[in-house]
Every structure is written in structure tokens, then in C-alpha cells.
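Residue numbers (our numbering): 381 to 641. Written below as C-alpha cells is the structure these notes are about.
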Amino acid sequence: MTAPVEVRGGGLPGAVAAEWTKFWSVRATWWCLAAGTALMLCYGTLSAIAQRLGDEPQGAHTIALGGGFYLAQFAVIALAALFVTSEYAGGGIRSTLLWTPVRSRVVLAKAAVLAPVLFTYGVLLSCAGMALATAVMDGHGLPTSFEAGFTTASGMGGYFALLGLLCAGIGWALRSAAGTLVSVIVLLVPLPLIAASLGLPEAMPYFPGIAGVNAMVEAGQPNPITMTAAPYAPWVGLVICAAWAAAALLAGAAVLRRRDA
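Below, the structure written as C-alpha cells:
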């Protein structure tokens, strides 16, 4: 009679380990991360060169913030959207749900992979953008204090992590890469502008994109996108982004539970 074999793994830790392996084993992950890095460095270099010629000085932290919002965040959106929707496109979602039949656990596992990776990516990317801009400006532009640099780096890390969760939640709900990309981009950029044009400018700071930028700016300083000071502290911007991300994940999890794969 053979002794019983102890089975290890499984549960949420096993699901996270499986999603971690899938995340790093596809080329789309590396392409998106590389594209975001290249966009940030190109933006930082060109903006820093412009500081030598223009008469509107900026700090390295403002340049890094612009690179993250105008360019690099779209690589993050693509990465998070593909992490979920590519399984539907290729049919891999059936195997995923076979291995992890508790569907809410799959949502949590993907979120547990995305959040720390994108937080670290945002912090490192902002630091690289600030360092490059400082070197290229070579004394031109405005100086960047430690507090401003720290706020930008931590804010970008938090914003990228929560933006990834927002995209994942919408991806679970729509099950389409194109639909997810369009929905998130419209939510981040056109909708706040439409709200302002309709006479609701006070609503702009509560959309996820504007709240994310406010999280990268010191309290009392103007948001370089809207050119107005945020009505709340940087950490409140992250709380607003977290609320949007939580709502999207809950909606996506509800759709995943109720619909066939």
C-alpha cells in the first residue's frame, strides 16, 4: 500500500504563481514595457532639450509626469488589457478556468500580478525620466526638490498600478482588447474634457486620469494637464483611482461569474 502523496500548491497562491508565469512568458509583456520605457525616454530627452530654447521653464519631475501621462500610460493600458483579453482571443481562458474553477480567484490572481509589477515599473520609469531630463537640461529649467521627485515617482507608481487594475476589470467585462482600449482611453481623456465643456469643471479631478496626475503633484501645486490646482492631497488622487479600479474589477468579476467562457 503506497503512502498518500501530499499535494502542495493550489488556492490563491497557486493561481497567482500560474498568472505570474503566464505574464512573463509572452512577448507582449516585454514589448509593452519596452515601448513605455522608450516613449518616456524620448519624451524626456526632447522636453529637456526644449528647456534650453524655450522661455517656460519646467522641472524634471514635471517632464517625467508629462511623459507618463501623454505617452507611457498607453503602454500600461495595452499591457493590462492584453493580460486579460488575450486569453479570450486565443481560447486560453477555458484552460485557466479549468485549472482555477473559482472564478473570482482568477480575477484576484491577475490583479495580484499586475499591481506590484506596474507600481514598480511606474516608480522606476519616473525616476529614469527625471534623471535623464536633469542630465540633458544641464542646469536649465527649474530645480526638482526631493519632495517633488518623491511625489511624482510614488504617484506614478500608484497610478500605473491602479490603472492596470482598471483596465483588467474592464477587460473582464468586455472580453475584447479593442473595446477595452477604447473604453479606457475615452474615460481617461475625452470624458473629463466633455464634462468641463458641459459646465461641470469641478467633476474633472474625479476622473481617474486627472486624479492620477493630481497624485503625482505636490499639494497646492497646479496640475500640468489642467493647469489648475487639485482640490485635494496627492493621496486622495490615488484613493479616487482605487475606487474606479475596484468598481471595474467588481463589474468584471460579476460578468465572469455569470457568463460562459
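Glycine is no exception: its CB is placed at the ideal position from the N, C-alpha and C atoms. Being a predicted model, the structure only gives us computed values, none of them experimental.
Item, Value
"Neighbourhood of V569 by C-beta distance below 8 Å, restricted to the same chain and skipping five residues each side", "G589"
"Contact under 8 Å by Cβ, L618 with G538", "yes"
"Alpha carbon of D435 to alpha carbon of I443, nearest angstrom", "15 Å"
"Sub-8 Å separation of L445 and M584 beta-carbons", "no"
"Buried/exposed call for S405, threshold 16 Cβ in 10 Å", "exposed"
"Cβ separation of G439 and L522, assumed to be a contact under 8 Å, to the nearest whole Å", "4 Å"
"Cβ-based burial, T422 [other Cβ within 10 Å; buried from 16]", "For the sequence presented, residue 422 should be read as Cys rather than Thr. Counting Cβ neighbours within 10 Å, C422 comes out exposed, since fewer than 16 surround it."
"Residue nearest to W410 in terms of C-alpha spacing, selected from A460, G390, A430 and A613", "A460"
"Entirely enclosed alpha helix (DSSP H) segments - the region 437 to 524, minimum 4 residues", "440 to 447, 453 to 470, 472 to 479 and 483 to 517"
"Unbroken alpha helix (DSSP H) run spanning L540, endpoints", "Residue identity differs from the one stated: residue 540 is Phe in this sequence, not Leu. Segment F526 to L554, the alpha helix (DSSP H) holding F540."
"DSSP state of A609 mapped onto helix, strand, coil", "strand"
"Coil, strand or helix - P602 by DSSP", "strand"
"Three-way DSSP call (helix, strand, coil) for G390 in this model", "coil"
"Cα-Cα separation between G551 and L545, rounded to whole angstroms", "10 Å"
"F540 and F587 closer than 8 Å at C-beta", "no"
"Boundaries (first-last residue) of the alpha helix (DSSP H) holding S427", "R407 to Q431"
"Cβ pair count under 8 Å reaching 3, the region 422 to 432 against the region 507 to 521", "yes"
"L477 vs V486 beta-carbon contact at 8 Å", "yes"
"Nearest neighbour of E399, chosen from E527, G632, L494 and V593 [CA to CA]", "L494"
"Span separating the alpha-carbon of W624 from that of A557", "19 Å"
"Among P496, S506 and V616, the one whose alpha carbon lies nearest that of G424", "S506"
"A609 vs G600 beta-carbon contact at 8 Å", "yes"
"G519 versus R432: straight-line alpha-carbon distance, rounded", "9 Å"
"Nearest to L543 (by Cα), restricted to the options A628, R483, P602 and A576", "A628"
"Close-in-space but distant-in-sequence residues of the same chain around C547 (CB under 7 Å, 5 per side omitted)", "I457, A460, A461, T560 and V564"
"A622, DSSP secondary structure in three states", "helix"
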